[in-house]
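Novice: Residue numbers (our numbering), protein chains in the order written: chain A, 56 to 198; chain B, 542 to 1066; chain C, 8 to 122.
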């Protein structure tokens, strides 16, 4: 996977809800408030997966949402990262072993960074983003 | 006398005689074979266009050409024993007439080339081509003649031939109904014209335009004649609120005919300008008549374009735009007329407004003809004019789409196409006359663009629809016909100043210069 | 004869060739900017299809917006005007002739009596 200069200067994030309870969404919105202001590092939410570098997936991936999650992942241009926010995406959380899940997320998409928590605090999400940047730097160094 | 001399000398008569002869022999030639008939009409049209260009070149290089029928020499307008009255039929071709003849020659040739292919599937084509050539005869006659009764005759030839062609595609009686409306309104208008001619003849013992102009007193009778002529000719060119026939007739006629009906309407516009500028000029109250023409123009622009936006029939929509564009010409020339008596204002902006209006006649004939031809190409391939049923044609009809874009941008006044040059001249000169009029004109242009964006989107854009998967590009003769007009639209848009210098400015001068017109006919006495 | 001479409008001028040169220059700049972009998207995959909130793309015929759906807001905003003007276009020949004759009469009053 070839990385470009513009890629490590600003990560544009597309947020996808795959069946979450909206707890994680509230925290993601809290993350982009002026108090934390990740936009000074070029990190911001965008409205279309076609503009995004990072796919932020919340929720445990219900059966109805699975094909849509796959389609949106395919629509993100390469190179791309997937971040899983919240416990549901890692294990199913309170929906563990439900008849209605196709997830957790790593059953559907290749996940790069996990941010645990129910919901995770904004600091945790920012730490996850830093981990994502570190991973990108490792990838770049390996080239 | 060599053949070349003969053609040059008799060119004013030949531009009318050649299509007239070809029209009436067309049914006989058609008995031989379709190819012979096509060659015959196309040949006649090309020769007529060539003669018209020779005549126009002569006019623009040496000044007004007069042609007296039946005289010993073509320039002897007034016989010695007639008491100073030019009794013969005279063709007076000044720069304005030559300008109109160039338009007619260009549009006539490209439209006829287009018809060879667009109408090839239809029956009774002998009649079609005969009537088409009669329309050409009518337009050439109307713009060349210096005799007012003769003008009426050619107006009637044009109206009858047009009505026949509008009804040509019977279409379950719809086309016939449209033709009937056109025919009856035209006849009513022609009666008005005839009545006005009677008034002139009763007062001034003359039918020659120059003679009437010289003797013009502007009595009450002359006022009545003026009103009858202005109303009748404004109706024929489709000015609001007498425009109702245009959408009916333009939408039901075959597209090639519609493209030429635009030129036919402009021949009536020419007649209107000829009446107010050459026959009356400053003897009448120029401000009142100028404002009447301006108001007709503004009404045409606004009502035409706003009525175009909700239309669902592509040709009906374009017909309303034709009404709207005619408004620009009326506005430009009306402003020129309103300040005609005032030399300072005329040189400040009045003349520029006239030039803009006249240049717009030329540009309109080119891009509107082009747009109607593209509409015809779409109808030829998919068999419907309903915009709601169209979509995705840009995938298959690429050249038609390009020609449509060129025409649509030109009509909306987008640089660098020709519509922008003439509209800019109108805007800026009219702004000096009355800013509100200029603002209305600009808003109308924006609405025109909006309306053509709608057409472009709903016809050409979008995914390829399954029902039009096997639609092909329009045939080559139709593309060539559209290509000629599209090339002129671009050419005149990129190099407007030479055109203004060579064609438009002399035409505007000829129109404003009444004494020059009179002197060219009666000066020899 | 100078082909590229500008049109003088009595107020300003219009030089299409200069405009075209500026247009071409701007196009080249735009092209160069466009060239610096990444061309990493893969044709023929989902990356080439429209994003419709993750839903599958509908049939081709179903996504085309037909002419009647355009400018609905414009027509609605000018409803009063259109309610007045559209019924005037009756399509009845008698009405056409009445308009024609009425306009003639009005012009007769304006030109013949008032001026």
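The C-beta atom is built at its ideal place from N, Cα and C for all residues, glycine as well.
Keep in mind the model is a prediction, meaning the values are calculated, not measured.
Roughly how many whole angstroms lie between the Cα atoms of residue 104 of chain C and residue 726 of chain B?
Specialist: Rounded to whole angstroms, residue 104 of chain C to residue 726 of chain B spans 7 Å at the Cα level.
Novice: In this structure, does DSSP put residue 109 of chain A in helix, strand or coil?
Specialist: Looking at residue 109 of chain A - three-state DSSP - the assignment turns out to be strand.
Novice: Pick out whichever of B:663, B:767, B:1000 has its Cα sitting closest to the Cα of residue 711 of chain B.
Specialist: The shortest Cα separation from residue 711 of chain B among B:663, B:767, B:1000 belongs to B:663.
Novice: What is the DSSP secondary structure of residue 50 of chain C, counted as helix, strand or coil?
Specialist: Residue 50 of chain C: coil per DSSP, three-state reduction.
Novice: To the nearest angstrom, how far is the alpha carbon of residue 82 of chain C from that of residue 579 of chain B?
Specialist: Approximately 46 Å between the Cα atoms of the pair.
Novice: Which residues in chain A have a C-beta closer than 7 Å to the C-beta of residue 51 of chain C? List them in chain order.
Specialist: None at all; the shortest Cβ gap to chain A is about 11 Å.
Novice: Could you tell me the distance, in whole angstroms, from the CA atom of residue 889 of chain B to the CA atom of residue 15 of chain C?
Specialist: If you take the alpha carbons of residue 889 of chain B and residue 15 of chain C, they lie about 12 Å apart.
Novice: Out of B:906, B:614, B:957, which has the shortest C-alpha to C-alpha gap to residue 1023 of chain B?
Specialist: Considering only alpha carbons, the answer is B:906.
Novice: With respect to the beta strand (DSSP E) encompassing residue 76 of chain A, which residues constitute its N-terminal and C-terminal limits?
Specialist: That residue, residue 76 of chain A, is in no beta strand (DSSP E); it is neither H nor E in DSSP.
Novice: Provide the residue(s) that pair with residue 169 of chain A in DSSP beta bridges, ordered along the chain.
Specialist: BP columns for residue 169 of chain A point to A:139.
Novice: Starting from residue 1036 of chain B, follow the beta strand (DSSP E) in both directions and report where the run begins and ends.
Specialist: Per DSSP, residue 1036 of chain B belongs to no beta strand (DSSP E) and is neither H nor E.
Novice: Using Cβ-Cβ distances below 9 Å, what residues of the stretch 115 to 145 of chain A are close to chain C?
Specialist: Those residues of the stretch 115 to 145 of chain A that come within reach of chain C (Cβ to Cβ, closer than 9 Å) are 120, 122, 123, 124, 125, 126, 127, 128, 129, 130, 131, 132, 133, 134.
Novice: Does any residue of chain A have a CB that is nearer than 9 Å to the CB of residue 48 of chain C?
Specialist: So, interface residue.
Novice: Taking DSSP's pairing of strands, which residues face residue 21 of chain C in a bridge?
Specialist: Its beta-bridge partners are C:14.
Novice: Distance cutoff 9 Å, beta carbons only. Does residue 12 of chain C sit that close to anything in chain B?
Specialist: Cβ-Cβ to chain B under 9 Å: yes for residue 12 of chain C.
Novice: Under 9 Å, do residue 844 of chain B and residue 795 of chain B count as touching if we go by C-beta distance?
Specialist: Cβ atoms of residue 844 of chain B and residue 795 of chain B: not closer than 9 Å.
Novice: Compile a chain-ordered list of the residues in the stretch 91 to 111 of chain A whose CB is closer than 8 Å to at least one CB of chain C.
Specialist: Listed by position along the chain: 103, 104, 105.
Novice: Under 9 Å between C-beta atoms, does residue 968 of chain B make it to chain C?
Specialist: It does; some Cβ of chain C falls within 9 Å.
Novice: How about residue 694 of chain B and residue 638 of chain B: are their beta carbons less than 9 Å apart?
Specialist: In this structure, residue 638 of chain B does not lie closer than 9 Å to residue 694 of chain B by Cβ.
Novice: Going by the CB atoms, is the gap between residue 819 of chain B and residue 1058 of chain B shorter than 9 Å?
Specialist: Yes, the Cβ-Cβ distance between residue 1058 of chain B and residue 819 of chain B is below 9 Å.
Novice: Please confirm whether residue 858 of chain B and residue 996 of chain B have their CB atoms less than 9 Å apart.
Specialist: Contact: yes.
Novice: From which residue to which residue does the alpha helix (DSSP H) around residue 160 of chain A run?
Specialist: That residue, residue 160 of chain A, is in no alpha helix (DSSP H); it is neither H nor E in DSSP.
Novice: Verify the CB distance criterion: does residue 1066 of chain B have a CB-CB separation below 9 Å to chain C?
Specialist: Here the model assigns residue 1066 of chain B a pLDDT of 44, short of 50, so the residue's position is not dependable and the matter cannot be decided.
Novice: Buried or exposed: where does residue 95 of chain C fall if 16 or more other Cβ atoms within 10 Å of its Cβ makes it buried?
Specialist: Exposed is the call here.
Novice: Apart from the five residues on each side of it in sequence, which residues of its chain come closer than 7 Å, Cβ to Cβ, to residue 896 of chain B?
Specialist: Taken in chain order, the residues that qualify are 966, 1041, 1045, 1046, 1049.
Novice: At which residues does the alpha helix (DSSP H) containing residue 1012 of chain B begin and terminate?
Specialist: Neither: residue 1012 of chain B is in no alpha helix (DSSP H) and is coded neither H nor E.
Novice: Going by beta-carbon coordinates alone, are residue 658 of chain B and residue 910 of chain B separated by less than 9 Å?
Specialist: No.
Novice: Can we say the stretch 737 to 746 of chain B touches the stretch 756 to 767 of chain B, given the rule of at least three CB pairs closer than 8 Å?
Specialist: With the cut-off at 8 Å, the stretch 737 to 746 of chain B and the stretch 756 to 767 of chain B touch.
Novice: Suppose you measure from the CA of residue 67 of chain C to the CA of residue 130 of chain A; what does that come to, to the nearest Å?
Specialist: Taking the straight line joining both Cα atoms gives about 19 Å.
Novice: Alpha carbon to alpha carbon, how far is residue 50 of chain C from residue 56 of chain C?
Specialist: Spanning the two alpha carbons is a distance of roughly 9 Å.
Novice: Chain A beta carbons: is any one of them nearer than 9 Å to that of residue 56 of chain C?
Specialist: Closer than 9 Å to some Cβ of chain A, the Cβ of residue 56 of chain C qualifies, so yes.
Novice: Could you name the residues of the same chain whose beta carbon sits closer than 6 Å to that of residue 831 of chain B, not counting the 5 residues immediately before and after it, in chain order?
Specialist: Cβ within range, chain order: 875, 878, 879.
Novice: Got a sec? Which residues, its chain only, sit under 6 Å from residue 114 of chain A by beta carbon, not counting five neighbours each side?
Specialist: For residue 114 of chain A, where only same-chain residues beyond five positions count, the Cβ hits under 6 Å are 72, 73, 74, 75, 143.
Novice: Looking only at C-alpha atoms, which of A:125, A:197, A:175 sits nearest to residue 60 of chain C?
Specialist: Ranking A:125, A:197, A:175 by Cα distance to residue 60 of chain C puts A:125 first.
Novice: Give a yes or no on whether the C-beta atoms belonging to residue 611 of chain B and residue 626 of chain B are separated by under 9 Å.
Specialist: No.
Novice: With 16 other CB atoms within 10 Å as the buried threshold, where does residue 168 of chain A fall?
Specialist: Residue 168 of chain A should be labelled buried.
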